[in-house]
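**Q** Using my numbering, you'd call the opening residue of the sequence shown number 6 and step up by one each time.
Virtual Cβ for every residue (Gly too), placed ideally from N, Cα, C.
The following block contains the structure, expressed as structure tokens.
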Amino acid sequence: CADFTHDKRAKTDVILTTGRTISLDNPKMNARFLDLTIAKPIAILDRQLNLKGDATIFSTAKHCHIFHATNKTGGYPNSSFHSIAEINGHLNLIEVLKRLGSLGYHDVWVEAGGTLFSALHKE
């Protein structure tokens, strides 16, 4: 299972996750094979910018794209911020995917909980 995950991480353009996943698991989300570690760009859905700046992801990712619905930006290292409109209290996922595409990311690997997977499936 771990080999499959690291293979998919290595081959994708960007990894999509949520602020909740980052907060609960504090993952590295890079691709690791024996002596090789590949840093990947990470897209994080964090509607209210609740992430903590000392999360591991900020030092292991190639770059973090933070998608939010606030008028503020956080002081997260290695990150850029993307304000996205909300629909019924959630980020507009179609707009998130369009923004990722405009940034040059086309193959998106999702690592998150059931809420995001269900929302993506619904869209």
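(1) Which two residues bound the contiguous alpha helix (DSSP H) that contains A124?
(2) Answer yes if the segment 17-34 comes into contact with the segment 116-124, meaning at least three C-beta pairs across the two stretches below 8 angstroms, and no otherwise.
(3) Provide the residue(s) that pair with T23 in DSSP beta bridges, ordered along the chain.
(4) Under 8 angstroms, do H87 and H70 count as touching if we go by C-beta distance?
(5) Any chance the CB of V115 is under 7 angstroms from a heavy atom of the ligand NAD?
(6) Thinking C-alpha only, which one of L102, D12, I47, K127 is nearest L152?
(7) Are the beta-carbon atoms belonging to I3 and N35 less than 8 angstroms from one another?
(8) Could you tell me the alpha carbon to alpha carbon distance between I62 and K33, rounded to whole angstroms?
(9) Could you give the DSSP three-state label for H87: helix, strand or coil?
(10) Looking at C-beta atoms only, is the number of pairs between the segment 66-86 and the segment 49-58 that lie closer than 8 angstroms three or more?
**A** According to the structure data:
(1) Segment 119-127, the alpha helix (DSSP H) holding A124.
(2) yes
(3) L50
(4) yes
(5) What this structure holds is no ligand at all, so the ligand NAD is not there to describe.
(6) Outside the displayed span of the chain (6 to 128) sits residue 152, for which this structure offers no information.
(7) Here the chain comprises residues numbered 6 to 128, so residue 3 is not present and cannot be evaluated.
(8) 5 angstroms
(9) strand
(10) yes
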